[in-house]
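**Q** Top line first, the protein sequences correspond to chains S and W. Here numbering that gives the first Met the number 0 is used: the first residue of the first sequence is 0, the next is one more, and so on. Here numbering that gives the first Met the number 0 is used: the first residue of the second sequence is 0, the next is one more, and so on. Backbone N, C-alpha and C define an ideal beta-carbon position, used for all residues, glycine too.
There are 2 protein chains.
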Amino acid sequence: MESENKIYQELKKRLTTDTYDHGQKLRAEVLREEFECSASTVREILFRLASDGLVHFLDQKGFRVPELSPTKLIELTHMRILLESEGAVLSIRQGGVGWEASLTAAHHKLSHLEKRIHAREDPTELVDLWFNSEKEFHQTLISACSSSTLKHMHSLIYAQFRQQLMKADRKFDFISNNIKQHNDILEAALAADEALTRKRVHDHLARHLTGQTATLASESDAE
Amino acid sequence: MESENKIYQELKKRLTTDTYDHGQKLRAEVLREEFECSASTVREILFRLASDGLVHFLDQKGFRVPELSPTKLIELTHMRILLESEGAVLSIRQGGVGWEASLTAAHHKLSHLEKRIHAREDPTELVDLWFNSEKEFHQTLISACSSSTLKHMHSLIYAQFRQQLMKADRKFDFISNNIKQHNDILEAALAADEALTRKRVHDHLARHLTGQTATLASESDAE
DNA sequence: TTATATTAAAATCTCGAAAATCTGAAAAAT
DNA sequence: ATTTTTCAGATTTTCGAGATTTTAATATAA
Chain S
0 MESENKIYQE LKKRLTTDTY DHGQKLRAEV LREEFECSAS TVREILFRLA SDGLVHFLDQ
60 KGFRVPELSP TKLIELTHMR ILLESEGAVL SIRQGGVGWE ASLTAAHHKL SHLEKRIHAR
120 EDPTELVDLW FNSEKEFHQT LISACSSSTL KHMHSLIYAQ FRQQLMKADR KFDFISNNIK
180 QHNDILEAAL AADEALTRKR VHDHLARHLT GQTATLASES DAE
Chain W
0 MESENKIYQE LKKRLTTDTY DHGQKLRAEV LREEFECSAS TVREILFRLA SDGLVHFLDQ
60 KGFRVPELSP TKLIELTHMR ILLESEGAVL SIRQGGVGWE ASLTAAHHKL SHLEKRIHAR
120 EDPTELVDLW FNSEKEFHQT LISACSSSTL KHMHSLIYAQ FRQQLMKADR KFDFISNNIK
180 QHNDILEAAL AADEALTRKR VHDHLARHLT GQTATLASES DAE
C-alpha cells in the first residue's frame with residue numbers, strides 16, 4: 000500500500016512519458032491491483048489528474064489517456080510561448096546573480112547532453128535524460144519570476160505538452176537542432192535583453208508550428 | 000441524492016461568492032449531510048475543486064477555503080491581463096460579425112446594470128447581477144479565440160480572482176467607475192485595434208494594482 | 001441480410017463502516 | 001511553572017461490497 004501522493008506522482012510520470020498509449024483506458028481495477036490500494040483511492044487520483052488535463056474523464060465511462068491532438072499541441076505551444084516569455088522577462092527583472100548561475104548550470108547540462116545525442120552516442124538511452132534536462136532549463140528560465148501562479152500554470156501546460164509529444168515516434172524530430180536555440184535564449188537572458196529574450200523563446204517554441212493554420216497573436220508582435 | 004456535477008457546480012458557485020469565510024474548514028461530514036451523498040463523493044468533488052485552485056487541501060488535515068492573499072490577487076490580475084489581452088486580440092482576428100454582436104450585447108447588459116448601480120438603485124441586490132454580467136462581458140471578449148486551452152485557463156484564473164475579491168466588504172470599491180473602461184474596451188475591440196485593445200484591457204484590469212510592489216512585464220510593454 | 005431486442009458480463013459509481021491519523025486537554029515529570 | 005507524555009474524542013483516509021450503468025454478445029424480428 001503506497002501513499003496517495005506517491006501514486007499520483009508515479010501516474011503523472013507515466014502519463015508524460017510514453018508508458019501508455021493515447022486513448023488507452025485507465026481502469027481503476029487494474030491500477031488498484033498494481034498499486035495495492037482501493038479503487039476509490041485510484042479514482043481520487045485520476046480525478047486530480049483529470050483536472051490537471053492529463054487524463055480524460057467521461058461520466059459513467061471512466062478514465063482514458065487523452066487522444067493525440069495536433070490542435071491541442073498548437074494551443075499548448077501557444078500557451079507556453081505566452082507564459083514562458085512573460086516568466087522569463089520577469090525573471091530577468093527579479094532574479095539576481097543566483098538565477099543567472101542556475102540558468103547557466105541548467106544550460107550547461109542540457110548542452111552537454113545535446114552534444115552527446117548529436118554525436119549519435121547511444122541516443123535511445125539519452126532521450127529521457129534530455130527531456131528532463133530540457134524541462135529543467137525551461138523551468139529555471141522562469142524560476143526567478145515571483146508569480147507562483149504563473150509558474151504553476153506553466154507546469155500544468157508543460158506536462159500536457161509533454162504528454163502530447165511523447166509518443167516514441169515523435170521524440171526524435173523534436174530534439175533535433177536545439178543547441179543553438181537554447182544558447183541564444185541563455186545569451187539574451189544573461190544580457191537582460193527583454194525583447195530579444197521574448198523573441199528567442201518564441202522562435203524556439205514555435206519551431207514546429209511552421210505551416211500550421213492557427214495564428215498566434217504573439218507571433219506578429221515578436222516579428 | 001444530487002448528481003455529482005450538480006454538487007460540484009453548487010460548491011463552485013458558493014466558493015466564488017461570499018457564502019463561506021476565507022480559511023473556513025470544509026468538513027466532508029457536514030457537506031455530506033447537506034448534499035445527501037456519501038463522504039467519498041464529497042471528497043472527490045473537493046479534490047477537483049482543489050485542482051481548480053478554489054479549495055486548499057492539506058494531507059491528513061482536510062480541505063479549507065483559501066485564505067485571502069493580496070499577493071495572490073496581484074498574481075491573478077497579472078494572469079488575467081496576460082490571458083485576456085491575448086484572447087481579445089485573437090478574437091479580433093478570428094471572430095466575425097457574430098462575435099462583435101455578442102460582445103455588443105454583453106456590453107449593453109453590463110452597461111445598463113452599471114448605470115442602475117451608479118444611480119444607487121438598490122445596490123445590494125444588483126451587485127450579484129453585476130458580477131455575473133461582468134464575467135459574461137470578459138468571457139465574451141475572448142470567446143472567439145480558437146484556443147479552448149486559453150479559454151479554459153482563463154476560466155480557472157477568473158474563478159480564483161472572483162474568490163479572492165468576493166468578500167462583501169470589498170465588493171463595492173471594485174465595481175466603482177467601470178462604465179468608461181468597459182466602453183473603451185468595446186470600442187477598441189470593434190475597431191479591431193489590437194494594440195489599443197491590449198492597452199485598455201491592461202489598464203482596466205490593473206486599475207486596482209496602483210502602488211503595488213509587484214511589477215508586471217506587460218505593464219511596460221503597454222506603455 | 002439488416003436492424004432491433006434481450007440478456008449476461010464487465011465496468012463504474014455510491015455508500016457506510018473500519019482503520020489510521022490528528023488534536024487538544026489532562027496528567028505526569030522536570 | 002514549564003515541558004513532556006498520555007489518552008480520548010474528533011477528523012480524515014482507506015476499503016470492499018452492493019447498486020447502477022454500460023458494453024457486447026446472442027437471439028429475434030423485419
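From the beta carbon of S:T148, is the nearest beta carbon of chain W less than 8 Å away?
**A** Closer than 8 Å: yes.
**Q** Answer yes or no: does any C-beta atom of chain S fall closer than 8 Å to that of W:E202?
**A** In the sequence on display, residue 202 of chain W carries Asp and not Glu. Chain S contact via Cβ: absent.
**Q** Smallest Cα separation from W:L57: which of W:L25, W:E85 and W:H77?
**A** If we check each option's Cα against that of W:L57, W:L25 comes out closest.
**Q** Excluding the five sequence neighbours on either side, which residues of its own chain have a C-beta within less than 7 Å of the C-beta of W:Q42, listed in chain order?
**A** Before going on, a small fix: residue 42 of chain W reads as Arg here, not Gln. Excluding sequence neighbours, W:R42 sits near A27.
**Q** Tell me the rounded alpha-carbon separation between S:T212 and S:P69.
**A** Model confidence at S:T212 stands at a pLDDT of 48, short of 50, so the residue's coordinates are unreliable and nothing is read from them.
**Q** Who are the near neighbours of S:L223 in its chain, counting only those whose CB is closer than 8 Å to its CB and skipping five residues on each side?
**A** Given a span of 0 to 222 for chain S in the structure shown, any question on residue 223 of chain S remains unanswerable.
**Q** Of the residues that make up the stretch 150-163 of chain S, which ones have a beta carbon closer than 7 Å to any beta carbon in chain W?
**A** Hits within the stretch, in order: M152.
**Q** Can you check whether the CB of S:T196 is closer than 8 Å to the CB of S:A87?
**A** A contact, by the Cβ cut-off of 8 Å.
**Q** By DSSP, does S:K150 sit in helix, in strand, or in coil?
**A** In this structure, S:K150 counts as helix in the three-state DSSP scheme.
**Q** Residues of chain S with CB closer than 7 Å to the CB of W:R79, please, in chain order.
**A** Near W:R79 there are no residues of chain S at all, since even the closest Cβ is about 10 Å away, more than 7 Å.
**Q** Am I right that S:L250 and S:F136 are in contact with their C-beta atoms under 8 Å? What's the rounded C-beta distance?
**A** Given that chain S is displayed from residue 0 to residue 222, the structure contains no residue 250 of chain S and the question cannot be resolved.
**Q** Decide if S:N176 is buried, meaning its Cβ has at least 16 other Cβ atoms within 10 Å, or exposed.
**A** Per the 10 Å Cβ criterion, exposed.
**Q** Starting from W:R31, trace the alpha helix (DSSP H) in both directions and tell me its first and last residue.
**A** Taken as a continuous stretch (DSSP letters only), the alpha helix (DSSP H) holding W:R31 covers A27 to F34.
**Q** Counting only beta-carbon atoms, is W:L140 nearer than 8 Å to chain S?
**A** Chain S contact via Cβ: absent.
**Q** Return the CA-CA distance between W:A158 and W:T15, expressed in angstroms with no decimal places.
**A** Answer to the nearest angstrom: the Cα atoms are 6 Å apart.
**Q** If we count the other Cβ atoms within 10 Å of its Cβ and call it buried at 16 or more, is W:K179 buried or exposed?
**A** Per the 10 Å Cβ criterion, exposed.
**Q** Is there a C-beta anywhere in chain S that falls below 8 Å from the one on W:R47?
**A** W:R47 counts as touching chain S.
**Q** Using the three-state DSSP reduction, which class does W:G61 fall into: helix, strand or coil?
**A** In this structure, W:G61 counts as strand in the three-state DSSP scheme.
**Q** Measure from the C-beta of S:S50 to each C-beta in chain W and report whether the shortest distance is under 8 Å.
**A** By this cut-off, S:S50 is an interface position.
**Q** Starting from W:A105 and walking both ways along the alpha helix (DSSP H), at which residues does that stretch end?
**A** Its alpha helix (DSSP H) spans residues V96 to H117.
**Q** So, helix, strand or coil for S:K166, using DSSP?
**A** The answer is coil: DSSP assigns S:K166 none of H, G, I, E or B.
**Q** Where does W:T212 sit, in a helix, a strand or coil, going by DSSP?
**A** Note that W:T212 has pLDDT 48, beneath the 50 cutoff, so the model's placement of it is unreliable and no number is given.
**Q** Say whether chain S places a C-beta atom closer than 8 Å to the C-beta of W:L102.
**A** Chain S, which has no Cβ nearer than 8 Å to the Cβ of W:L102, makes this no.
**Q** Counting only Cβ pairs nearer than 8 Å, list the residues of chain W close to S:R42.
**A** Under the 8 Å cutoff, chain W gives E43.
**Q** W:K24 bridges to which residues according to DSSP?
**A** For W:K24, which the question treats as bridged, DSSP gives the partners W:R63.
**Q** Given a limit of 9 Å on CB to CB distance, which residues of the stretch 57-69 of chain W reach chain S?
**A** Going along the stretch 57-69 of chain W in chain order, one finds D58 with a Cβ nearer than 9 Å to chain S.
**Q** Taking 8 Å as the threshold (beta carbon to beta carbon), is W:E74 in contact with chain S?
**A** Answer yes: the Cβ-Cβ gap between W:E74 and chain S drops below 8 Å somewhere.
**Q** Less than 8 Å separating the beta-carbons of S:T148 and W:L75?
**A** Taking 8 Å as the Cβ cut-off, S:T148 and W:L75 qualify as a contacting pair.
**Q** Is there a C-beta anywhere in chain W that falls below 8 Å from the one on S:S39?
**A** Yes, contact with chain W.
**Q** In the stretch 84-98 of chain S, which residues sit with their C-beta less than 7 Å from some C-beta in chain W, listed in chain order?
**A** Result list: E85, V88, L89 and R92.
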